[in-house]
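Comments concern the structure below.
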Amino acid sequence: QKEVEQDPGPLSVPEGAIVSLNCTYSNSAFQYFMWYRQYSRKGPELLMYTYSSGNKEDGRFTAQVDKSSKYISLFIRDSQPSDSATYLCAMSEARDDKIIFGKGTRLHILP
Amino acid sequence: EPEVTQTPSHQVTQMGQEVILRCVPISNHLYFYWYRQILGQKVEFLVSFYNNEISEKSEIFDDQFSVERPDGSNFTLKIRSTKLEDSAMYFCASGRLAGPTDTQYFGPGTRLTVL
Chain A
8 QKEVEQDPGP
18 LSVPEGAIVS
28 LNCTYSNSAF
38 QYFMWYRQYS
48 RKGPELLMYT
58 YSSGNKEDGR
68 FTAQVDKSSK
78 YISLFIRDSQ
88 PSDSATYLCA
98 MSEARDDKII
108 FGKGTRLHIL
118 P
Chain B
17 EPEVTQTPSH
27 QVTQMGQEVI
37 LRCVPISNHL
47 YFYWYRQILG
57 QKVEFLVSFY
67 NNEISEKSEI
77 FDDQFSVERP
87 DGSNFTLKIR
97 STKLEDSAMY
107 FCASGRLAGP
117 TDTQYFGPGT
127 RLTVL
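The listed protein sequences correspond, in order, to chains A and B.
Here the first sequence stands for residues 8 to 118, numbered as in the numbering used here.
Here the second sequence stands for residues 17 to 131, numbered as in the numbering used here.
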């Protein structure tokens, strides 16, 4: 079983829709969970950062972590065409530890 | 807002040549990392560096690779004898990691093409 699994998509949704992106993982030692956004041929840009289980909200973005199910989610409300990008889930065991990435989900928001 | 910078943005080299990729981390950061992303693949960890020494390295980071912090601002990745399979985007990341919400911030990457 791969350490971090993420559906690569592509996922196409109409502008204004709620987007749900998900990852599963196998390593129960992961404590820090991140979502990065990556535009084509650019570096990953940190969107959300969560420690352990729970929800975190930042504007139109909500991150959820369910450690019992080893499942994390990112929700985007009122999606915009500018949200079109690849979204990478990522996690680590400790703050200074290496980050393990999912393969990324390509998201297209249709105007 | 401070950011991680990397140079060059694109490097083309011949197989067997040495390349040095350069990074300027965010100034008050203490932890430094290199990752790579082969086209169409996931971002993979290469090496972490703290207190002037390697903290951890992946199996990808073999004897052909080395890292250095030659002065107070730069962080470099050297590939001694490049192979075709080294072609990838190389990302530098840095972090202060002093507080509960600190994490690693990534640079824009250097695209390495080995011919």
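C-beta atoms are modelled at their ideal positions from N, C-alpha and C, and glycine is treated no differently.
Query                                                                                                                                      : Result
Residue 70 of chain A versus A:41, A:16, A:35, A:88, residue with shortest Cα-Cα distance                                                  : A:41
Endpoints, beta strand (DSSP E) assigned at residue 130 of chain B                                                                         : 126–130
8 Å contact criterion, which residue 58 of chain B and residue 50 of chain A should meet: CB distance rounded                              : Wrong, their Cβ atoms sit about 14 Å apart, outside the cutoff.
Own chain residues within Cβ distance below 8 Å of residue 74 of chain B, not counting five before or after                                : 60, 61, 62, 63
Three CB pairs or more closer than 8 Å across the segment 93–103 of chain A and the segment 22–42 of chain B                               : no
Residue 65 of chain A, enclosing beta strand (DSSP E) - first and last residue                                                             : 61–65
Beta-carbon separation (whole angstroms), residue 53 of chain B vs residue 109 of chain B, contact threshold 8 Å                           : Rounded, the Cβ-Cβ distance is 12 Å, inconsistent with contact.
Cut-off 7 Å between Cβ atoms - residues of its own chain near residue 102 of chain B, not counting five sequence neighbours on either side : 95, 128, 130
Beta-carbon gap between residue 128 of chain A and residue 16 of chain A smaller than 9 Å                                                  : The structure shown does not extend to residue 128 of chain A, since chain A spans only 8 to 118, so no value can be given for it.
Continuous beta strand (DSSP E) stretch holding residue 12 of chain B: start and end                                                       : Nothing can be reported for residue 12 of chain B, as the shown portion of chain B is limited to 17 through 131.
CB contact flag (residue 12 of chain A, residue 39 of chain A, <9 Å)                                                                       : no
Contact set for residue 19 of chain B: own chain, Cβ-Cβ below 8 Å, skip 5 residues either direction                                        : 42, 121, 123
C-beta neighbour in chain B for residue 32 of chain A, strict 9 Å                                                                          : no
Interface partners of residue 23 of chain A on chain B, CB under 7 Å                                                                       : By Cβ distance, chain B contributes nothing, its closest Cβ being about 29 Å from residue 23 of chain A, past 7 Å.
Helix, strand or coil at residue 100 of chain B [DSSP, three-state]                                                                        : helix
Whole beta strand (DSSP E) elements within the segment 29–89 of chain B, 3-residue minimum                                                 : 35–40, 47–53, 60–66, 69–73, 81–84
Buried or exposed (CB count within 10 angstroms, at least 16 for buried), residue 105 of chain A                                           : buried
Nonlocal neighbours in the same chain, by C-beta distance under 6 Å from residue 82 of chain B, ignoring five residues either side         : 94
Member of B:98, B:90, B:85, B:97 whose CA lies at the smallest distance from the CA of residue 21 of chain B                               : B:90
Contact set between residue 50 of chain A and chain B, taken where Cβ atoms lie within less than 7 Å                                       : 107, 122, 123, 124, 125
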